[in-house]
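One structure below.
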Amino acid sequence: VAQIHPPHYYQRRDDLRSSVMEALQEMMGELEDLHKSINDQAVQHIHAGEIILTYALSKTVELFLKAAAAKKRRFQVIVCEGAPHFGGHAMAKSLAEAGIDTTVIHDAATYAIMARVNKVLLPAHAVLANGGLIAPSGSNMVALAAKQNSVPVVALAGMFKLCPLYPHEGQDTLNDLISPSSVSDYSLMGSPTMCEVDFVNPVHDYIPPQLIDLYVTNIGGFQPSYIY
Amino acid sequence: RIAAKIQMDHQQSDVAERDAIVDDLRRHLSAPFGPQSSDADDGDGGRAPSTSSAHSGRSSIPLPVAAVRVLLGVIRRSRAETMMGLQADLRGAADVMLDFARRGGPVDAEGGRRYLLLNRSNIALSSGCELFLKYVTRASLETPEFTECRSQVLERGTRFAELSTAARDRIARVGSPFVRDGAVVLTHGRSRVVEAVLLRAALVERRRFRVVVLEGRPDAGGAKCAKTYAEAGIPTTVVLDSAMGYVMEGVDLVLVGAEGVVENGGTVNKVGTFALGMVAKELGVPVYVAAESYKFTRLYPLNNRDLPGSGGTEGGTGGCTTLRFADTLSWSASGAGDGDDGGKNDGLGEHVVDLPGSVTIENPPVDFTPAKYITLLFTDLGVLTPSAVSDELIRLYQ
Numbered sequence: 056v057a058q059i060h061p062p063h064y065y066q067r068r069d070d071l072r073s074s075v076m077e078a079l080q081e082m083m084g085e086l087e088d089l090h091k092s093i094n095d096q097a098v099q100h101i102h103a104g105e106i107i108l109t110y111a112l113s114k115t116v117e118l119f120l121k122a123a124a125a126k127k128r129r130f131q132v133i134v135c136e137g138a139p140h141f142g143g144h145a146m147a148k149s150l151a152e153a154g155i156d157t158t159v160i161h162d163a164a165t166y167a168i169m170a171r172v173n174k175v176l177l178p179a180h181a182v183l184a185n186g187g188l189i190a191p192s193g194s195n196m197v198a199l200a201a202k203q204n205s206v207p208v209v210a211l212a213g214m215f216k217l218c219p220l221y222p223h224e225g226q227d228t229l230n231d232l233i234s235p236s237s238v239s240d241y242s243l244m245g246s247p248t249m250c251e252v253d254f255v256n257p258v259h260d261y262i263p264p265q266l267i268d269l270y271v272t273n274i275g276g277f278q279p280s281y282i283y
Numbered sequence: 007r008i009a010a011k012i013q014m015d016h017q018q019s020d021v022a023e024r025d026a027i028v029d030d031l032r033r034h035l036s037a038p039f040g041p042q043s044s045d046a047d048d049g050d051g052g053r054a055p056s057t058s059s060a061h062s063g064r065s066s067i068p069l070p071v072a073a074v075r076v077l078l079g080v081i082r083r084s085r086a087e088t089m090m091g092l093q094a095d096l097r098g099a100a101d102v103m104l105d106f107a108r109r110g111g112p113v114d115a116e117g118g119r120r121y122l123l124l125n126r127s128n129i130a131l132s133s134g135c136e137l138f139l140k141y142v143t144r145a146s147l148e149t150p151e152f153t154e155c156r157s158q159v160l161e162r163g164t165r166f167a168e169l170s171t172a173a174r175d176r177i178a179r180v181g182s183p184f185v186r187d188g189a190v191v192l193t194h195g196r197s198r199v200v201e202a203v204l205l206r207a208a209l210v211e212r213r214r215f216r217v218v219v220l221e222g223r224p225d226a227g228g229a230k231c232a233k234t235y236a237e238a239g240i241p242t243t244v245v246l247d248s249a250m251g252y253v254m255e256g257v258d259l260v261l262v263g264a265e266g267v268v269e270n271g272g273t274v275n276k277v278g279t280f281a282l283g284m285v286a287k288e289l290g291v292p293v294y295v296a297a298e299s300y301k302f303t304r305l306y307p308l309n310n311r312d313l314p315g316s317g318g319t320e321g322g323t324g325g326c327t328t329l330r331f332a333d334t335l336s337w338s339a340s341g342a343g344d345g346d347d348g349g350k351n352d353g354l355g356e357h358v359v360d361l362p363g364s365v366t367i368e369n370p371p372v373d374f375t376p377a378k379y380i381t382l383l384f385t386d387l388g389v390l391t392p393s394a395v396s397d398e399l400i401r402l403y404q
């Protein structure tokens with residue numbers, strides 16, 4: 056049998072199973088306490104009277120905002136509806152039920168409203184090795200508008216979302232193009248003109264590191280340049 | 007009298023040692039370099055371009071490698087009996103090399119001063135020496151026994167040359183994925199590391215991309231490496247240095263090497279890199295710097311004048327101040343170079359612009375590019391952001 060692994064792979068280790076179990080327990084503990092660790096930092100980032108803008112639906116952001124509200128901070132939230140899935144609607148409903156002053160806007164109004172916003176909170180699908188962010192499609196537009204208006208952009212990400220990849224493919228990094236059914240109804244596709252139309256429906260956006268100001272993770276806040 | 011004689015002996019041996027060091031440095035710098043010919047020096051000063059692989063021995067040796075070889079020679083010749091004595095000898099040798107590199111050689115027959123390093127800065131030389139000396143210090147702390155330590159240091163130093171080639175391979179491996187299909191790469195200056203990256207992308211990973219090369223006045227570095235790329239089958243375009251702004255809008259990424267990487271993540275590289283960084287940033291083009299980790303140096307320049315030995319004037323620099331200005335447009339228009347002998351310098355003389363002595367010529371060989379213009383660094387320690395450099399420096403020098 057050819058030895059394709061380094062020699063230490065073939066050595067006998069009696070404590071191997073317990074070491075692996077321990078490491079897995081640690082990882083599970085981190086994942087279970089994830090939201091608690093992130094939410095502990097909520098009051099540091101959300102201050103009274105602030106207007107926070109967020110995009111579409113994210114459990115992490117929702118719990119973060121609710122944790123700040125639970126500590127009696129009075130603030131307003133503006134939620135972009137997040138077409139074509141409109142996750143923002145469910146997000147706004149959930150936040151309103153927690154007693155937070157919420158407004159829903161459509162995505163195109165983001166730039167117009169940005170001058171009145173104090174902070175942008177973005178969820179993360181993944182954080183890349185150069186400090187870039189993979190976030191729901193439409194977040195890049197929010198980040199660009201924020202940069203233009205000098206509004207800080209804070210991304211919430213658990214450490215497990217960090218990945219050692221670089222955005223070699225630009226916007227296509229870790230991205231998927233999904234069915235246009237959410238953009239356009241199937242019944243409209245019958246006409247020959249519509250068949251000529253190409254529907255691009257990406258799931259994620261790649262946001263370059265210079266548009267993000269801070270990553271809030273379960274082990275603290277980091278600058279994008281420190282993600283390496 | 008005996009004391010005076012001893013002192014004279016010391017001085018003579020000092021002078022002899024100094025000459026030996028300088029000779030060694032010159033010899034090592036002109037030796038061909040590569041995996042097949044690590045210590046052979048047939049002194050052909052080979053700048054023969056490689057036609058086959060990216061790693062065949064050619065062109066001038068990396069400065070830090072030459073410096074380390076000279077220091078190894080110093081260790082072998084040294085009569086010190088303790089590590090402290092050896093370190094003192096090494097430090098003296100490093101100072102001699104740097105001093106020589108800065109001031110240049112003796113004035114030769116035509117009255118011109120022979121500069122050892124020509125268009126290369128002495129930052130790489132000093133960083134190589136510093137790293138080696140640091141290594142020697144650390145080795146002496148770990149292995150207190152003198153002969154054992156000395157042989158360990160010698161062995162490590164000899165391996166350093168091979169480490170250097172391995173470093174280039176590693177950099178090519180981490181850097182080539184950034185060159186995508188259909189990309190247009192702009193490069194400046196002649197860096198073997200950049201060549202390794204691009205040749206790997208083209209030949210090993212079989213990507214299809216184009217290279218735009220800035221010609222690289224005054225040593226035509228760019229034009230020389232354009233040959234290498236063309237021979238590897240990469241579509242290559244050469245433009246004037248001043249055309250960097252013009253071509254930038256069609257460029258997807260900028261890839262340059264470095265003579266040195268400073269503490270804040272900025273780089274010291276062939277003059278023109280600073281402007282290139284600014285133009286690229288303005289037009290949204292990422293700038294990647296490919297450099298081995300032994301080029302990391304503990305300098306913190308605040309601006310271009312802050313570089314050690316900066317400026318291209320006679321005062322204190324490794325630069326060559328003789329620039330010749332020729333109107334090559336009118337020279338080609340006059341039909342030169344079409345003659346039977348294919349003479350390259352036919353009649354160039356009358357197209358050379360003669361300047362009166364009152365005109366000062368400044369020819370800095372390198373400039374400093376601040377970290378904010380650099381997107382990522384490709385090093386043998388992996389891909390780093392500029393802010394990661396200071397962390398790595400601390401680790402290297404610890």
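Chains A and B, in that order, are what the protein sequence lines are.
In my numbering, each residue carries its 1-based index in the first sequence increased by 55.
In my numbering, each residue carries its 1-based index in the second sequence increased by 6.
Using N, Cα and C, we set each Cβ at its ideal position, and we do this for glycine too.
For clarity, every value in this text was computed on a predicted model and none was experimentally measured.
Looking at the DSSP output, residue 131 of chain A sits in a beta bridge with A/106, A/156. Pairing residue 156 of chain A with residue 120 of chain A, the inter-Cα distance amounts to about 11 Å. In this structure, residue 210 of chain A lies near residue 267 of chain A, with their beta-carbon atoms less than 7 Å apart.
Under the three-state reduction of DSSP, residue 357 of chain B is assigned to helix. Residue ranges of uninterrupted alpha helix (DSSP H) with 4 or more members, entirely inside the region 266-311 of chain B and ordered along the chain, are 279-288. Cβ atoms of residue 216 of chain B and residue 241 of chain B come within 8 Å of each other, at about 5 Å.
Using a C-beta cut-off of 8 Å, the region 104-117 of chain A makes no contact with the region 20-27 of chain B, since fewer than three inter-stretch Cβ pairs fall below that distance. Residue 401 of chain B sits in a helix when the DSSP states are folded into three classes. Of the candidates B/234, B/32, B/259, the residue whose Cα lies closest to the Cα of residue 197 of chain B is B/234.
In summary, residue 218 of chain A is exposed, with fewer than 16 beta-carbon neighbours lying within 10 Å of its beta-carbon over all protein chains present.
Interface with chain A (7 Å Cβ-Cβ cutoff): residue 394 of chain B is included. Nearest in C-alpha terms to residue 96 of chain B, of all of B/106, B/81, B/105, B/85, is B/81. For the C-beta of residue 185 of chain A, the chain B residues within less than 9 Å are, from N- to C-terminus, 381, 382, 389, 391. Inter-residue distance for residue 266 of chain B and residue 302 of chain B is about 6 Å (C-alpha atoms, whole angstroms). Excluding five sequence positions before and after residue 168 of chain A, the CB atoms of its chain that fall closer than 8 Å to its own CB belong to 108, 133, 160, given in chain order. Within the DSSP bridge table, the entry for residue 175 of chain A names A/108, A/208 as partners. Of the residues assessed, residue 281 of chain A falls on the exposed side of the cut-off, its CB having fewer than 16 other CB atoms within 10 angstroms.
Taken through DSSP and simplified to helix, strand or coil, residue 373 of chain B comes out as strand.
Bounds of the alpha helix (DSSP H) holding residue 139 of chain B are 129-148. For residue 283 of chain A, the closest Cβ of chain B is nearer than 7 Å. Ranked by Cα distance from residue 89 of chain B, the first of B/400, B/158, B/106 is B/158.
Listed by position along chain A, the residues whose Cβ is nearer than 9 Å to that of residue 183 of chain B are 221, 223. Sequence-distant partners of residue 391 of chain B (beyond 5 residues in either direction) whose C-beta falls short of 7 Å from its own C-beta, in its chain, are 382.
In this structure, residue 212 of chain A and residue 272 of chain A form a Cβ contact; the two beta carbons are roughly 6 Å apart against a cut-off of 8 Å. Listed in chain order, the positions of the region 186-198 of chain B with a beta carbon within less than 9 Å of a beta carbon of chain A are 186.
When DSSP states are grouped into helix, strand and coil, residue 257 of chain A belongs to the strand group. In this model, residue 235 of chain A and residue 171 of chain B are separated by some 51 Å (Cα to Cα). Just measuring C-alpha positions, the residue of B/100, B/162, B/149, B/355 sitting nearest residue 136 of chain B is B/100. Annotation for residue 163 of chain B: 74, 75, 77, 78, 81, 138 place their beta carbon closer than 8 Å to its own, counting only its chain and skipping 5 residues before and after. Think of a sphere of 7 Å around the beta carbon of residue 280 of chain A: the chain B residues whose beta carbon falls inside it are 391, 393, in chain order. Its chain contains 118, 119, 122 as the residues whose beta carbon lies nearer than 7 Å to that of residue 94 of chain A, once the 5 sequence neighbours on both sides are disregarded; these appear in chain order. Taken through DSSP and simplified to helix, strand or coil, residue 191 of chain A comes out as strand.
Annotated as proximal: residue 176 of chain B and residue 386 of chain B, with beta-carbon spacing under 7 Å. The beta-carbon separation of residue 282 of chain B and residue 250 of chain B, rounded to 6 Å, stays under the 8 Å limit for a contact. For residue 192 of chain B, same chain residues with a beta-carbon under 6 Å away, outside a window of 5 residues either side, are 218, 257, 260 in chain order. Between residue 254 of chain B and residue 220 of chain B, the C-beta gap is not smaller than 7 Å, which leaves the two residues out of contact.
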